[in-house]
Structures are given as C-alpha cells and as structure tokens.
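Peer 1: Keeping their order, the protein sequence lines are chains A and B. Sequence positions in the first sequence follow our numbering and run 7 to 68. Sequence positions in the second sequence follow our numbering and run 13 to 504. By construction, the Cβ of each residue, glycine as well, lies at the ideal position given by its N, Cα and C atoms. Sharing a structure here in structure tokens format.
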Amino acid sequence: MPVISFILLGSVVLLPAVALWALRWATAAGQFRCPDKAALLPFDESEPVGVETDLILGGNRR
Amino acid sequence: MPGDVGAGSGGDVQTGGVQKAALAEIDASCRVPVLFFFLSGLGWLIAGSLLAIVASIKLHSPGFLGAWEWLGFANVRTAHLNTVIYGFASQVSVGVSLWLMCRLCRIPLPAPGLVTVANLFYNLGVTVGVVGILRGDSTAIEWLEMPRYATPILFVSYALIAVWTIVTFRLRAERHLYVSQWYLLAAVLWFPWLYGTAQVMLLLEPVRGVVQAAVNWWFAHNVLGLWFTPIGLASIYYFIPKVIGRPIHSYYLSVLGFWSLALFYNWNGMHHLVGGPLPAWMITISIVASVMMLIPVITVAINHHFTMLGHFGKMRQSPTLRFIVFGAVSYTLASLQGVASALRSVSEVTHFTHHTIAHAHLGMYAFFTMVMFGAMYYILPRITQREWPSNGLISLHFWGVALGIVLYVVPMSLMGFLQGTKLNDPTIRFLDVVQFTLPWLKLRTVAGLLLVVGHVAFVGNVAWLLVRMFEPYRKPVVRILTGEAETLAAGK
C-alpha cells in the first residue's frame with residue numbers, strides 16, 4: 007500500500023478516533039463535571055483568586 | 013482530583029501520588045530550556061524583521077540591493093516567512109507551552125537538558141533551511157519552502173519536544189485539566205500531523221495536479237489555525253485570569269470554544285481556492301466550515317470580554333495584559349475578517365491582492381505575536397528572578413508594534429479591496445493598478461520600520477534583563493516577584 011494511503015487512512019479514521027477517545031476519557035474522568043472549580047486551576051495558595059500578579063507600570067504598583 | 017482545586021502549591025499536597033511543586037521550583041526548572049527557546053526565537057525575529065524590511069522596500073523600489081542576487085525578492089520574502097514562522101513563532105510557542113504545561117500540571121519540567129538539546133537541533137534545522145532558501149533551494153511550496161535536506165532535522169527535533177510535552181502532562185500532579193491544557197495538547201499533536209502529511213504528500217510522494225494546491229492550502233491554513241491559534245488561546249486563557257486575579261467568566265464557554273475549533277477549523281483551507289479548478293463541493297464545504305468558525309470565535313470573544321469587564325484599566329499597569337488583550341481583540345477581528353474573506357463574493361475581489369497579506373498579518377502578528385510578547389513579559393522575570401530593567405523600553409515596544417501593525421493592516425486591507433476592484437475592471441490597465449498600489453506599499457515599509465523599532469526595544473530590554481542575571485542578587489523592590497522573590501532573597 008502506498009504511503010499516501012496510510013496518511014489518508016490515518017487522517018480519516020485515526021484522528022476522529024483519537025478525538026472521540028479524548029472526549030470519552032474526559033467525560034469519564036469527570037473533566038467536565040466541576041466547571042467552576044476547573045476555572046480556578048491557574049490559582050493556588052501563593053497566588054490565589056483576588057491577587058493581581060503583573061501590575062508593574064505606573065499607577066499603583068504592587 | 014477535581015476537588016483539589018485551589019489547594020496549596022507549597023509542596024504539601026499529594027495528588028494522584030505526585031507532590032505538587034511550588035511555583036518558584038517550577039519556574040527554576042524551566043529556566044534554561046525556556047530561556048533558550050525565547051532567546052533563539054528573538055534572534056530569528058530580528059533576522060526575519062530585517063528580511064521583511066528588505067522585501068517590503070523591494071516592492072516599491074525593485075532596484076534596492078539589486079546587486080546581490082541571493083537577496084532577490086523571491087528569496088528574501090520566502091526567507092522572511094520561514095524565519096518568523098519556524099524560527100521565531102514556533103520556538104516562542106514551544107517555550108510558552110512548556111512553561112504553561114509545567115505550571116498547570118504543577119510539576120517541574122522533567123529532564124530540561126533533553127529539551128535544550130532538541131532545541132539546539134531545531135535551530136540547526138531552521139538555519140540550514142533559511143540558508144538553503146537564500147541559496148535558491150526553495151521548494152516553492154507556500155509555507156513549506158525549506159529545502160528537503162532541512163526538514164528531517166526540524167521534524168525529529170520537534171517530535172522530541174512534542175513527546176516531552178506529553179511526558180510532562182502524563183507526570184502531572186494536578187489531575188484536573190484546565191482549558192489551556194486542552195489547547196496545548198491538541199496543538200502539539202496537530203502540528204506534526206499537519207507537517208508530516210504535507211511533507212509526504214507534497215515533497216516525498218507528491219500528489220498530482222490541483223490536489224497539490226488543495227493539500228498546500230490545507231496545510232498553510234491549518235498551521236495558523238491548529239498550531240499557533242491554540243497556543244495563543246491557551247496563553248490568553250491563562251494570563252488574563254492570572255494578571256487580574258479573577259477566574260475566566262465561563263468555563264463551559266471555553267470548553268465549547270475548544271471543541272468547536274477542533275471540529276470546524278480543519279476544513280477551512282480550501283476557501284483560498286475559490287474560483288480555482290477544484291470540485292465545487294470541496295470549496296463550498298470549506299466556506300461553510302469557515303462560517304461555522306463564528307461559534308468558537310464568538311464564544312472566545314464573549315468569554316474574554318466578560319472576564320476583563322471592569323479590569324480594562326489595568327492594561328495601563330501590566331505589560332502582559334496590554335499585549336494579551338490587544339492580541340485577544342485582534343483574534344476576534346482576524347477571525348471575522350477571515351470569515352468574510354471566505355465568502356465567494358468577497359473572495360472574488362480580495363483574492364490575489366494585498367488584502368490577503370493584511371489578513372495574514374492580522375492573525376499571525378496582531379493576534380499571535382502580540383499574545384506571545386505578553387506571555388514573555390510574564391514568564392521572563394519569573395524564570396530569571398529579575399525585574400524588567402526599563403519601563404520605557406516596554407512602552408516603546410508596545411507602542412512601536414501596536415501602531416506599526418495597525419498602520420500595516422488597516423491601509424493594506426483597504427488597499428487590497430480597492431486593488432481587487434480595479435483588477436476585476438477590464439477597462440483599467442494592469443500597470444495602472446500596480447502604480448495605484450505604490451504609495452500604499454511605501455506606507456507598509458514605514459509600518460514595518462515601526463515594528464522593527466518595537467522589536468529592537470524588546471530585545472534590548474531582554475538583553476539588559478540577562479545582564480542583570482549575572483549581577484549579585486539584590487533584594488528587589490518587590491513588584492512582580494512577590495512571594496517567591498522575598499523567599500529566595502531570605503535564603504541567600
């Protein structure tokens with residue numbers, strides 16, 4: 007089978023399969039269950055919600 | 013675990029058997045590789061900017077540097093594209109992605125030396141490719157011009173970096189995923205698929221006829237939409253909340269935006285071939301998918317706007333926020349312009365004009381590059397543990413590039429539309445249309461010079477920051493490095 011067939015087969019079958027698997031895994035792992043908490047992931051105890059972290063120019067420097 | 017969100021990062025929380033690392037520890041682990049990606053990327057940015065200026069001048073003064081054949085327009089323009097795409101944008105993307113992935117996974121970067129070695133080889137690949145283009149070895153395939161002998165080095169070194177990003181993800185201490193991680197993981201998987209497929213179908217076992225054009229535009233359009241765009245959006249979703257200290261407006265909308273981008277973007281490339289000798293259904297599907305892109309674009313725009321609501325004034329104080337918000341707004345504008353340009357009635361006028369060039373710069377520069385500048389303003393002080401030396405250079409950088417890109421995109425979009433209207437009018441001679449564009453092309457050179465001023469200011473500030481790294485540590489007037497800086501100072 008020529009290389010191009012593998013590529014087309016991969017693009018048509020494999021990629022949607024991977025996408026579906028990722029969606030299924032995410033659902034099963036509860037990734038979509040607590041959106042409010044997921045939105046807090048960039049924050050932690052040292053830089054919690056409410057703490058601004060980059061205000062360095064003019065005005066009220068932190 | 014989902015329930016762990018907001019728990020401490022001070023090394024006291026176990027999640028999935030892996031201990032969460034402190035932010036300062038994560039930043040320190042990323043120092044060498046991320047710095048290396050940024051510095052080499054900025055080196056290519058300066059080279060690419062100079063090539064762009066030469067190419068721009070040649071458009072209205074063709075005799076400029078005419079004595080050097082290797083600096084002919086075709087070589088210089090192609091070398092510019094490849095240096096900024098593969099040299100600058102891709103390397104900075106990888107640096108930002110690695111840092112974001114480590115921060116969100118709450119682990120230090122594993123084996124940073126390995127990534128640094130991969131980066132060395134990647135730069136070797138870009139150097140070989142750009143020199144090859146200037147020697148006249150270009151493949152003449154849009155966005156894939158690097159000669160065949162350069163691409164294996166690029167592909168293997170990139171694959172190593174991508175694998176390492178996934179390894180970092182697999183070792184994560186925080187089990188729950190933030191939306192930025194979805195975008196980053198997708199981007200590192202999409203790019204090798206795009207690049208590998210296009211290499212095989214266009215260079216190794218070339219397809220025939222118009223299918224070449226179809227594959228070419230599928231690749232070129234998706235590099236922007238499935239490689240740079242996800243990394244740009246991942247950065248926006250992380251940095252806006254971090255800077256203003258407020259979570260994103262709607263996590264649901266952010267997830268909807270990701271999955272709709274994944275579903276629709278891949279189909280878009282064929283709208284560049286409106287009027288071409290391809291089956292009508294291929295182009296029609298592409299136009300429909302382009303219009304469907306309104307879903308992710310509008311969801312992202314709403315989410316970013318409502319997150320920022322009441323905080324826009326902070327752009328005066330935060331360089332990161334200033335660049336990121338400029339980029340986020342430009343993402344919406346570039347996408348809307350892209351949707352409009354995909355329509356047959358518009359494409360019939362704007363295709364083959366400078367309108368397309370303006371659109372590419374609106375997406376690649378006003379959106380993506382501005383977001384990457386913002387990300388570097390946030391990351392560099394943290395990984396070097398030094399403050400930005402000059403606020404004046406930050407302002408010069410922002411205003412240089414902001415004014416430059418506005419002066420580039422707005423007139424070029426308008427000129428392209430007028431140019432297309434004239435080209436479609438059989439009573440107007442082609443030479444008259446060319447002469448009509450000349451004043452606008454001179455304005456484009458002025459805009460390019462403003463961009464270069466901004467780039468030089470940024471690189472100067474980064475160089476100054478690096479010099480400070482080698483000075484004896486002094487306790488800073490705490491501005492950015494709040495908690496971590498004081499801790500480190502006390503420990504010395």
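#1: Within 8 angstroms of any Cβ in chain A, is that where the Cβ of ALA246 (chain B) sits?
#2: Step through the CB atoms of chain A and report whether any lies within less than 8 angstroms of the CB of ALA79 (chain B).
#3: Under 8 angstroms between C-beta atoms, does SER330 (chain B) make it to chain A?
#4: From B:LEU374, B:GLY257, B:ILE406 and B:SER402, pick the residue whose C-alpha is nearest to that of GLY420 (chain B); which is it?
#5: Cβ closer than 8 angstroms: which chain A residues qualify as neighbours of GLU250 (chain B)?
#6: In the region 142-185 of chain B, which residue ranges form an unbroken alpha helix (DSSP H) of at least 4 residues, counting only runs that do not cross its ends?
#7: Work out the CA separation of PHE410 (chain B) and VAL55 (chain A) for me, nearest whole Å.
#8: Does any residue of chain B have a CB that is nearer than 8 angstroms to the CB of SER11 (chain A)?
#9: Measuring alpha carbon to alpha carbon, tell me which residue in B:TRP229, B:ARG356 and B:THR344 is nearest GLN211 (chain B).
#10: Helix or strand or just coil, what does DSSP make of CYS114 (chain B)?
#11: Give a yes or no on whether the minimum CB-CB distance between ILE165 (chain B) and chain A is below 8 angstroms.
#12: Is it the case that the region 129-146 of chain B contacts the region 412-426 of chain B, given that we only count it when at least three CB pairs across the two stretches are under 8 angstroms?
#13: Rank A:ILE62, A:LEU63, A:PRO48 and A:LEU61 by C-alpha distance to the C-alpha of ALA34 (chain B) and give the top, closest one.
#14: By the 9 angstroms beta-carbon criterion, what residues does the region 355-370 of chain B contribute toward chain A?
#15: For ALA67 (chain B), which residues of its own chain have a beta-carbon under 7 angstroms away from its beta-carbon, when the five flanking residues on both sides are left out?
#16: Step through the CB atoms of chain B and report whether any lies within less than 8 angstroms of the CB of VAL19 (chain A).
#17: Assign GLN103 (chain B) to one of three DSSP states: helix, strand, or coil.
#18: Tell me which residues of the region 332-355 of chain B have at least one Cβ-Cβ distance to chain A shorter than 7 angstroms, keeping chain order.
#19: Of all the residues that make up the region 35-50 of chain B, which are near chain A by a beta-carbon distance shorter than 8 angstroms?
#20: What is the DSSP secondary structure of ALA475 (chain B), counted as helix, strand or coil?
#21: Which residue comes first and which comes last in the alpha helix (DSSP H) that contains VAL383 (chain B)?
#22: Output needed for GLY22 (chain B): all residues of its chain with C-beta closer than 7 angstroms, excluding positions within five of it in sequence on either side, in chain order.
#23: Inspect the beta-carbon positions of THR177 (chain B) and LEU116 (chain B) and report whether they are closer than 8 angstroms.
#24: Please list the segments of the beta strand (DSSP E) lying wholly inside the region 404-456 of chain B, counting only runs of 3 or more residues, in order along the chain.
#25: Using 10 angstroms around the beta-carbon of ASN436 (chain B), count the other beta-carbons present and answer buried if the total reaches 16, otherwise exposed.
#26: Interface residues of chain A around ARG456 (chain B) at Cβ under 7 angstroms?
#27: Could you tell me the distance, in whole angstroms, from the CA atom of GLY260 (chain B) to the CA atom of TRP400 (chain B)?
#28: Which residues, taken in chain order from the region 392-426 of chain B, show a beta carbon closer than 9 angstroms to some beta carbon of chain A?
#29: Would SER357 (chain B) be called buried (16 or more neighbouring beta carbons within 10 Å of its own) or exposed?
#30: Rounding to the nearest angstrom, what Cα-Cα distance links LEU430 (chain B) and HIS366 (chain B) in this structure?
#31: Within 8 angstroms of any Cβ in chain A, is that where the Cβ of GLY99 (chain B) sits?
#32: Grouping DSSP H, G and I as helix and E and B as strand, with all else coil, what is TRP80 (chain B)?
#33: Taking 8 angstroms as the threshold, find out whether the region 329-347 of chain B comes into contact with the region 286-294 of chain B through three or more Cβ pairs.
#34: If you measure beta-carbon to beta-carbon, which residues of the region 27-54 of chain A are closer than 9 angstroms to chain B?
#35: At what residue ranges does the region 266-347 of chain B contain a whole run of the alpha helix (DSSP H), taking only runs of 4 or more?
#36: According to a CB-to-CB cut-off of less than 9 angstroms, which residues of the region 249-268 of chain B neighbour chain A?
Peer 2: So, from the data block:
#1: The beta carbon of ALA246 (chain B) sits no closer than 8 angstroms to any beta carbon of chain A.
#2: Not a single C-beta of chain A is nearer than 8 angstroms to the C-beta of ALA79 (chain B).
#3: Judged by the 8 angstroms Cβ criterion, SER330 (chain B) is in contact with chain A.
#4: For the record, residue 420 (chain B) in the displayed sequence is Tyr; it is not Gly. Answer by Cα proximity: B:LEU374.
#5: The identity of residue 250 (chain B) in the sequence shown is Tyr, whereas the question assumes Glu. By Cβ distance, chain A contributes PRO48.
#6: Listed in chain order, the alpha helix (DSSP H) runs fully inside the region 142-185 of chain B are 163-182, counting runs of at least 4 residues.
#7: Roughly 28 angstroms between the two C-alpha positions.
#8: No - not a single Cβ of chain B is within 8 angstroms of the one on SER11 (chain A).
#9: Selected option, being the one with the closest Cα: B:TRP229.
#10: Three-state DSSP puts CYS114 (chain B) in a helix.
#11: ILE165 (chain B) does not count as touching chain A.
#12: Fewer than three pairs of CB atoms, one per stretch, sit closer than 8 angstroms, so the region 412-426 of chain B makes no contact with the region 129-146 of chain B.
#13: Taking each of A:ILE62, A:LEU63, A:PRO48 and A:LEU61 in turn and checking the Cα distance to ALA34 (chain B), the smallest one comes out for A:PRO48.
#14: Within the region 355-370 of chain B, no residue has a Cβ that lies closer than 9 angstroms to any Cβ of chain A.
#15: Correct list, in chain order: PHE85, VAL88, ARG89 and HIS92.
#16: False, the Cβ-Cβ gap to chain B never drops below 8 angstroms.
#17: Looking at GLN103 (chain B) - three-state DSSP - the assignment turns out to be helix.
#18: Only THR332 and LEU333 from the region 332-355 of chain B bring a Cβ to less than 7 angstroms from some Cβ of chain A.
#19: Result list: LEU35.
#20: ALA475 (chain B) carries a helical assignment under DSSP once its states are collapsed to helix, strand and coil.
#21: Its alpha helix (DSSP H) spans residues 382-396.
#22: Low confidence applies here, because GLY22 (chain B) scores a pLDDT of 39, under 50, leaving its location unreliable and the question unanswered by this model.
#23: No, the pair does not count as a contact, with Cβ atoms beyond the cut-off.
#24: Listed in chain order, nothing qualifies, since the region 404-456 of chain B has no complete beta strand (DSSP E) run of 3 or more residues.
#25: When all chains shown are included, ASN436 (chain B) counts as exposed.
#26: Think of a sphere of 7 angstroms around the beta carbon of ARG456 (chain B): no beta carbon from chain A falls inside it, the nearest being about 30 angstroms out.
#27: Rather than Gly, the amino acid found at residue 260 (chain B) in this sequence is Ile. Each residue's alpha carbon lies about 27 angstroms from the other.
#28: Using a CB distance below 9 angstroms, the part of the region 392-426 of chain B facing chain A consists of PRO393, GLU399, TRP400, ASN403, ILE406 and SER407, ordered along the chain.
#29: With fewer than 16 other Cβ atoms within 10 Å, it is exposed.
#30: Going from the Cα of LEU430 (chain B) to the Cα of HIS366 (chain B) covers about 10 angstroms.
#31: Nearest CB-CB separation between GLY99 (chain B) and chain A: not below the 8 angstroms threshold.
#32: Correct three-state label for TRP80 (chain B): coil.
#33: Judged by Cβ distances under 8 angstroms, the region 329-347 of chain B makes no contact with the region 286-294 of chain B, as fewer than three pairs qualify.
#34: Look at the region 27-54 of chain A: the residues with a C-beta under 9 angstroms from a C-beta of chain B are ALA28, LEU29, ALA32, ALA35, GLY36, GLN37, PHE38, ARG39, CYS40, PRO41, ASP42, LYS43, ALA44, ALA45, LEU46, LEU47, PRO48, PHE49, ASP50, GLU51, SER52, GLU53 and PRO54.
#35: Counting only runs of 4 or more residues that sit fully inside the region 266-347 of chain B, the alpha helix (DSSP H) segments are 292-304 and 306-320, in chain order.
#36: Cβ contacts with chain A come from TYR249, TYR250, PHE251, PRO253, LYS254, VAL255, ILE256, GLY257, ARG258, PRO259, ILE260, HIS261, SER262, TYR263, TYR264, SER266 and VAL267.
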